[in-house]
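Before any comments, here is the structure.
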Ligand code: IDC
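Numbering (this note's numbering), first residue to last: 4 to 330.
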């Protein structure tokens, strides 16, 4: 077993409290048989913002903000003019793999959980880069097998071809992909929780609930951006929960779906209340200083650790507050 730290600063770490996780019914369950609710922060694109994967920064979010999970968003394809894992070269792929390992090792040292996210986005259908996905999991799983604090997320947000506005990825497409990739992972690393994205940018948990996959120990993704997705998406969540579907909100924003625009506190609060009532884990987008509302740092902040209150954007300030309370 990898060394996942159990005690820091005289306190039990999240991993000491919960241990190895598994899925039972609609919940993430810990070693003591209790429901485990994780809360945390996602990186931005690891290809564009690798600098935030450093021990000092993640330690600060653990100690000062109380995150219990950190998400490593590995973009599978090019975004923002930067190559992803699939369309970059071998050197780029290796650097991303190293960054994933580094991030996991830091989280193990802090005794927190970590999500390894195959972040499909502009490669809208996960089958598109499934060969590379297979290559990635074949490379990474043997290295992470001993880390019981790791959760795998195999397709961030299946969606549609944005340029052509067509070819919406269906739940059948995702099922086909999951049926190919989950066995690859399970062969190398049989016990980790695996999270599967759902159609329409991971909003159609209702469709997954109507035709769940046949694997054990898996969860399904719901993503929301509070100023865009409101009651009708919360209804889809309620429907999926009524069918006992295990759901993990691996990404959400308090602004619009472009990761920008206004912060919507009212809708954010409604969402967080619903998630907490149902003991659903959630992770905020994003750790960067990009000039966009969803970035938790001001664009003027060039530090990569040791952030002060003054370095936080309005989203960063709200993140700190939401981590400190329940709704
Ligand atoms: C956004 C980033 C933005 C970047 C864009 C493309 O915030 O800076 O230009 O991706 O790389 C998602 C995606 C997530 C998006 C985010 C906001 O999972 O990658 O990040 N979002 O648009 N789904 C819904 C919203």
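The beta carbon of each residue, even a glycine, is placed where N, CA and C say it ideally should be.
Specify the secondary structure class of residue 82 as computed by DSSP and reduced to three states. Three-state DSSP puts residue 82 in a strand.
Do residue 140 and residue 99 have their C-beta atoms within less than 9 Å of each other? Contact flag unset, no.
Would you kindly work out how many angstroms separate the C-alpha atoms of residue 318 and residue 291, rounded to a whole number? Whole-angstrom Cα-Cα distance: 11 Å.
Length at least 4, wholly inside the region 202-229: the alpha helix (DSSP H) runs in chain order: Taking only runs of at least 4 residues, the alpha helix (DSSP H) segments lying wholly in the region 202-229 are 202-205 and 208-213.
Give a single yes or no on whether residue 267 has its beta carbon closer than 8 Å to a heavy atom of ligand 1. Not so, every heavy atom of ligand 1 lies at least 8 Å from the Cβ.
Touching by the beta-carbon criterion (3+ pairs, under 8 Å), the region 88-99 and the region 56-68: Output reads no: the region 56-68 does not touch the region 88-99.
May I ask you to list the residues that DSSP assigns as paired with residue 10? For residue 10, which the question treats as bridged, DSSP gives the partners 15.
Taking the straight line between their C-alpha atoms, what separation do you get for residue 238 and residue 13? Computed Cα separation, rounded: 42 Å.
Once you ignore the five residues that flank residue 59 on each side, which residues in its own chain have a CB closer than 7 Å to its CB? So the list reads 308 and 309, once near-sequence residues are dropped.
Taking residue 45 as part of the beta strand (DSSP E), name the residues at either end of that continuous run. Where residue 45 is concerned, the enclosing beta strand (DSSP E) stretches over 42-46.
May I ask you to report which of helix, strand or coil DSSP gives residue 93? Helix, per DSSP.
Once DSSP output is grouped into helix, strand and coil, what is the label at residue 52? DSSP places residue 52 in coil when its eight states are reduced to three.
Could you tell me whether any non-hydrogen atom of ligand 1 is closer than 8 Å to the CB of residue 127? The answer is no for residue 127.
Between the alpha carbons of residue 72 and residue 117, how many angstroms are there, rounded? In a straight line, the C-alpha of residue 72 is about 5 Å away from that of residue 117.
For residue 88, is the beta carbon positioned less than 8 Å from some heavy atom of ligand 2? Ligand 2 is not among the ligands present in this structure, which contains only ligand 1.
Cutoff 7 Å; reference residue 306; Cβ partners in own chain excluding five residues on either side: Taken in chain order, the residues that qualify are 314.
Output yes or no for whether 9 Å exceeds the beta carbon distance between residue 282 and residue 21. Their beta carbons are not under 9 Å apart, which means residue 282 does not touch residue 21 by this criterion.
Stretch-stretch touch, CB-based, cutoff 8 Å, three pairs: the region 251-265 with the region 209-220: They do not touch, by the three-pair rule.
DSSP on residue 107, reduced to helix/strand/coil? Residue state, collapsed to three classes: helix.
What residue range is occupied by the uninterrupted beta strand (DSSP E) comprising residue 238? Where residue 238 is concerned, there is no enclosing beta strand (DSSP E), although the alpha helix (DSSP H) it sits in stretches over 234-245.
Give me the residue from 229, 199 and 277 with the minimum Cα distance to residue 262. Among 229, 199 and 277, the Cα nearest to that of residue 262 is on 229.
Identify the continuous alpha helix (DSSP H) that holds residue 134 and give its terminal residues. Start and end: 133-147.
In whole angstroms, what is the alpha-carbon distance linking residue 240 and residue 170? Cα to Cα, residue 240 sits roughly 24 Å from residue 170.
Terminal residues of the alpha helix (DSSP H) in which residue 177 lies: Where residue 177 is concerned, the enclosing alpha helix (DSSP H) starts and stops at 174-191.
In terms of alpha-carbon separation, which member of 202, 330, 311 and 316 lies closest to residue 67? Distances from the CA of residue 67 to each of 202, 330, 311 and 316 were compared; the closest alpha carbon is that of 311.
By the DSSP assignment, the alpha helix (DSSP H) with residue 280 in it spans what residues? Unbroken alpha helix (DSSP H) run through residue 280: 268-280.
Take residue 296 as the anchor and find which of 320, 279 and 23 has the nearest alpha-carbon. Looking at the Cα atoms, 320 is the closest of the given residues.
Residue 256 by DSSP, collapsed to three states: which one? Strand, per DSSP.
So, under 8 Å CB-CB, residue 107 and residue 150 are touching, yes? Tell me the CB distance rounded to an integer number of Å. Right, their Cβ atoms sit about 6 Å apart.
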